[in-house]
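Q: Numbering (the numbering used here), first residue to last: 1310 to 1520.
Here you go:
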């Protein structure tokens, strides 16, 4: 009788990544809005990011009740008034085919430290769907990474040149205020996680070839 293999209860992965988790004291709290398909995706980076950052929260879904989402984005009415919660997302205002913002786009100045950073963990198409379905996210000031070098996220196809994984983009943004050295262990852990995936994939191919 075959025993069904169960995913890890902590990281929710069939191939456990818990041994790659590192503890990082991020100075700016991060909210990860994760598409449900990313929850157990073997190539996703959001779970490692969430488990590693000391100040991180994660919600999963596509469309959220506005009051519930407001409670996740802002800890108080005062926070909402100060608009210190910032969405990390590419500037699509110059491309009508990809712009989903209803109304003016508020750009967050890079030299200003936000109170909280929000990132959407999804494929490019799914992230646009989440943004379109939740007008409250569209109203957030937006931080867009510029002059970004190609990341090391080699196990998943990018939508466009220079596109980064959720983990890489979040680290690049947070390091602007916390410094690069804080996140070096996390980037190393991510690199090792990608190698784990490739090694496991190769092992499966070798096993199949011998059968």
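Just so you know, even glycine gets a beta-carbon here, dropped at the ideal spot from N, CA and C.
1) DSSP beta-bridge partners for residue 1425?
2) Could you give the first and the last residue of the continuous beta strand (DSSP E) run that contains residue 1363?
3) So who's on the other strand from residue 1374, going by DSSP bridges?
4) Would you report the Cα separation of residue 1354 and residue 1319, rounded to the nearest angstrom?
5) Which of the three DSSP states, helix, strand or coil, is assigned to residue 1473?
6) Three or more C-beta pairs under 8 Å: does that hold for the stretch 1365-1376 against the stretch 1338-1346?
7) Grouping DSSP H, G and I as helix and E and B as strand, with all else coil, what is residue 1331?
8) Among 1415, 1376, 1502 and 1333, which has the Cα closest to the Cα of residue 1352?
9) Among the candidates 1436, 1477, 1450 and 1433, whose CA atom is the shortest distance from the CA of residue 1424?
A: According to the structure shown:
1) Bridge partners of residue 1425: 1394.
2) For residue 1363, no beta strand (DSSP E) segment is defined, and its DSSP state is neither H nor E.
3) Looking at the DSSP assignment, residue 1374 forms no beta bridge with any residue, so it has no partner.
4) C-alpha of residue 1354 to C-alpha of residue 1319: approximately 15 Å in a straight line.
5) Here residue 1473 sits in coil by DSSP.
6) Taking 8 Å as the limit for Cβ pairs, the verdict is that the stretch 1338-1346 does touch the stretch 1365-1376.
7) Note: residue 1331 maps to coil in three-state DSSP.
8) Checked all of 1415, 1376, 1502 and 1333; the closest Cα to residue 1352 is 1502.
9) Here the closest residue by C-alpha is 1450.
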